[in-house]
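Sequence positions in the sequence shown follow numbering that gives the first Met the number 0 and run 0 to 165.
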Amino acid sequence: MDADHKDAAYDYVQIQDVADVLHLMAYDFHYLGGDHLGPIAPKGWVNDVVTRVQSLGHPEKYVLGLANYGIGTGWYTSAKDAAARCNGGTHAMTTDHMLTCPIGHQEAGLSPHCPTSQGDWWFEDAQSMSEKAALAKAHGLGGVGYWTMGDEPDGFFSAMQAQFGN
């Protein structure tokens with residue numbers, strides 16, 4: 000079995016040899032209900048995932064799943080709504096959270112977030128999703144998809160078209 004670690008449930012090489020398309024989730028590194036909040040999809044982690052997929056020999060069969068949402072302590076909303084709730088759209092794009100994160104020290108990359116009276120809010124926006132789409136393209140993946148549809152952040156579709164449009 001081809002496995003990244005002893006707990007891997009799938010033989011990725013065998014699956015990709017018979018599948019037309021594989022959707023690869025690249026979000027929820029930090030997630031609603033986890034023991035702490037942080038970047039939903041740190042750039043370094045996504046890069047590790049797409050690098051691994053490329054090494055399997057058929058990266059064009061994979062579609063990288065991006066997050067179109069935001070999370071906070073006890074809440075979940077669309078990425079567009081999360082950004083709007085950040086002091087009228089003002090938010091930080093970088094963080095040093097990953098330097099001390101107990102679940103990994105990958106590069107954070109663009110990681111939109113803001114403090115609010117309800118706690119810290121983390122989300123993806125068109126720029127951060129474009130950064131991850133660029134990694135997918137650079138490693139030969141067939142495209143990107145996203146969770147969830149609707150209420151996409153401003154500039155999302157043009158950013159994705161810039162990476163994978165014809």
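Idealized CB from N, CA, C, for every residue including glycine.
Roughly how many angstroms separate the alpha carbons of residue i and residue j, rounded to a whole number?
{"i": "residue 69", "j": "residue 57", "result": "31 Å"}
{"i": "residue 100", "j": "residue 30", "result": "13 Å"}
{"i": "residue 9", "j": "residue 116", "result": "42 Å"}
{"i": "residue 161", "j": "residue 35", "result": "34 Å"}
{"i": "residue 97", "j": "residue 135", "result": "21 Å"}
{"i": "residue 82", "j": "residue 89", "result": "8 Å"}
{"i": "residue 79", "j": "residue 33", "result": "22 Å"}
{"i": "residue 150", "j": "residue 43", "result": "27 Å"}
{"i": "residue 71", "j": "residue 118", "result": "7 Å"}
Going by DSSP in three states, residue i sits in which element: helix, strand or coil?
{"i": "residue 149", "result": "coil"}
{"i": "residue 11", "result": "helix"}
{"i": "residue 91", "result": "strand"}
{"i": "residue 76", "result": "strand"}
{"i": "residue 124", "result": "coil"}
{"i": "residue 62", "result": "strand"}
{"i": "residue 50", "result": "helix"}
{"i": "residue 109", "result": "coil"}
{"i": "residue 96", "result": "helix"}
{"i": "residue 119", "result": "strand"}
{"i": "residue 23", "result": "strand"}
{"i": "residue 103", "result": "coil"}
Looking only at its chain, what residues have a beta carbon closer than 6 Å to the beta carbon of residue i, apart from the 5 residues adjacent to it on each side?
{"i": "residue 126", "result": "109"}
{"i": "residue 163", "result": "142"}
Kindly indicate which residue of the options has the alpha-carbon position closest to the one of residue i.
{"i": "residue 133", "options": "8, 49 and 105", "result": "49"}
{"i": "residue 27", "options": "135, 151, 149 and 67", "result": "67"}
{"i": "residue 39", "options": "151, 120, 157 and 16", "result": "120"}
{"i": "residue 112", "options": "106, 139 and 84", "result": "84"}
{"i": "residue 138", "options": "15, 47, 13 and 154", "result": "47"}
{"i": "residue 14", "options": "41, 52 and 45", "result": "52"}
{"i": "residue 16", "options": "60, 37 and 45", "result": "60"}
{"i": "residue 45", "options": "95, 102, 122 and 130", "result": "130"}
Whose C-beta lies closer than 7 Å to the C-beta of residue i among residues of the same chain, with five residues either side of it excluded?
{"i": "residue 22", "result": "62, 64 and 144"}
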